[in-house]
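Following the numbering used here, the numbering of the sequence shown begins with 6 at its first residue and continues without gaps. Every residue, glycine too, gets a C-beta built ideally from N, C-alpha and C. Below is one structure, written out as structure tokens; the observations come after it.
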Amino acid sequence: MTYLVHGATGAQGSPVLSALRARGEHAVAAAREAHRAPGESVSADFADTDSLARAYRAADGVFVHLPMGPVNVVGGYADAIVAAVERARPARVVISTSGQVIDEDSPLQVAPGSPVSRLIRGVEGAGVSTAVIAPRLYLENLLLPVIAGAARDEGILRYPLPEPFPVSWCSHADVADVAARLLTDPSTTGTVSVGHLPGLTGPDLASAFANAFGRPVRYEPLTSSDFGELITPLFGAKATPVVDLYEALNAQDGYTIDEANSAQRLLGLTPPPIKHWLARAL
Numbered sequence: 006m007t008y009l010v011h012g013a014t015g016a017q018g019s020p021v022l023s024a025l026r027a028r029g030e031h032a033v034a035a036a037r038e039a040h041r042a043p044g045e046s047v048s049a050d051f052a053d054t055d056s057l058a059r060a061y062r063a064a065d066g067v068f069v070h071l072p073m074g075p076v077n078v079v080g081g082y083a084d085a086i087v088a089a090v091e092r093a094r095p096a097r098v099v100i101s102t103s104g105q106v107i108d109e110d111s112p113l114q115v116a117p118g119s120p121v122s123r124l125i126r127g128v129e130g131a132g133v134s135t136a137v138i139a140p141r142l143y144l145e146n147l148l149l150p151v152i153a154g155a156a157r158d159e160g161i162l163r164y165p166l167p168e169p170f171p172v173s174w175c176s177h178a179d180v181a182d183v184a185a186r187l188l189t190d191p192s193t194t195g196t197v198s199v200g201h202l203p204g205l206t207g208p209d210l211a212s213a214f215a216n217a218f219g220r221p222v223r224y225e226p227l228t229s230s231d232f233g234e235l236i237t238p239l240f241g242a243k244a245t246p247v248v249d250l251y252e253a254l255n256a257q258d259g260y261t262i263d264e265a266n267s268a269q270r271l272l273g274l275t276p277p278p279i280k281h282w283l284a285r286a287l
């Protein structure tokens, strides 16, 4: 069996590639510049349906997630992927929403015409076996120097969410474990949500950082605009949609997954305690 992994040089695809290879699976990196990908790789450009179809014909399973970018550009990528799946018909496709909400009726749910919705609807409509991974927020966000550095140096974990706000945080490795299972075992279809249950609050995060640093750490909520000022030097214009997300989150009561379609319930996969993740990540 051969599994094709998009984004294998990035934060999301690389852990999936590693998770599959650690299981002894034949995992191939798909990248526009294949020579930059680790190990065996194949050239596949999201803007080129022909290159995608050629790559998919040799694959039994495909892991895909859409990159950030202008809606019209990313929407074109979604359409190209769908066309390639329809043409090549790989046996299995696993899609990560990369944190976009598609699995609950809430103000945060993406519109039906959004790129990720078009991708999911199109791949499912192609009649191939499909599973969708739906995380919420990535723990790696907490490793930004402006976040983890202040927790280490000042004993203050600052983040743009209210103190009691529960979040089903997950790491890229948590998503990779789910992706590897879903690719190699096609018995589960539909949406699988990934993240901690019950959700973790600000003080929960601060306690984990305190354990990691061996010093007291307290949680301090930031406003979305203050967070934007912190991250704009790092992200530039890409900081704007991030700030918009946290502005929307602050109007909610929490950001947690539904246990009914969780990886815990459907696959028996539970994220490790955050203190264990931090011990490896810091």
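Given 8 Å, three or more beta-carbon pairs between the segment 173-191 and the segment 262-278 = yes
How many whole angstroms separate the CB atoms of T7 and V33, which I take to be in contact at a CB cut-off of 8 Å?
-> In this structure T7 is in contact with V33, their Cβ atoms being roughly 6 Å apart against a cut-off of 8 Å.
G207 to G104, Cα distance in whole Å?
-> 19 Å
Can you give me the start and stop residues for the beta strand (DSSP E) that E225 sits inside?
-> 223-226
Considering only C-alpha positions, which residue in the set A58, F214, A13 is nearest to I152?
-> Ranking A58, F214, A13 by Cα distance to I152 puts F214 first.
Rounded to the nearest angstrom, how far is the Cβ of A211 from that of R220, given a contact under 8 Å?
-> Actually they do not touch by this definition, with Cβ atoms about 11 Å apart.
State the start and end residues of the unbroken alpha helix (DSSP H) segment that holds S212.
-> 207-218
Cβ separation of I138 and V99, assumed to be a contact under 8 Å, to the nearest whole Å | Taking 8 Å as the upper bound for CB-CB distance, I138 and V99 are in contact here, some 7 Å apart.
G200 versus D179: straight-line alpha-carbon distance, rounded | Rounded to the nearest whole angstrom, the CA to CA distance from G200 to D179 is 8 Å.
Whose CA, out of A16, D50, L71, Q269, lies closest to the CA of R120?
-> Residue identity differs from the one stated: residue 120 is Pro in this sequence, not Arg. Ranking A16, D50, L71, Q269 by Cα distance to P120 puts L71 first.
Quick one: what does DSSP say Q269 is sitting in, helix, strand or coil?
-> helix
When DSSP builds the beta bridges, which residues end up paired with L250?
-> Looking at the DSSP assignment, L250 forms no beta bridge with any residue, so it has no partner.
Considering Y82, what are the terminal residues of the alpha helix (DSSP H) in which it resides?
-> Start and end: 76-93.
Can you have a look at D258 and say buried or exposed, based on whether 16 or more other CB atoms are within 10 angstroms of its CB?
-> exposed
Using a Cβ-Cβ cut-off of 6 Å (strictly less than) and excluding sequence neighbours within five positions of L25, which residues of its own chain qualify?
-> Y8, A32, A185
Same chain, Cβ closer than 7 Å to M73, neighbours up to 5 away in sequence not counted | Cβ within range, chain order: K243.
List the residues that DSSP assigns as beta-bridge partners of I161.
-> R223
Alpha helix (DSSP H) segment containing I107, residue limits | No alpha helix (DSSP H) holds I107; DSSP gives it neither H nor E.
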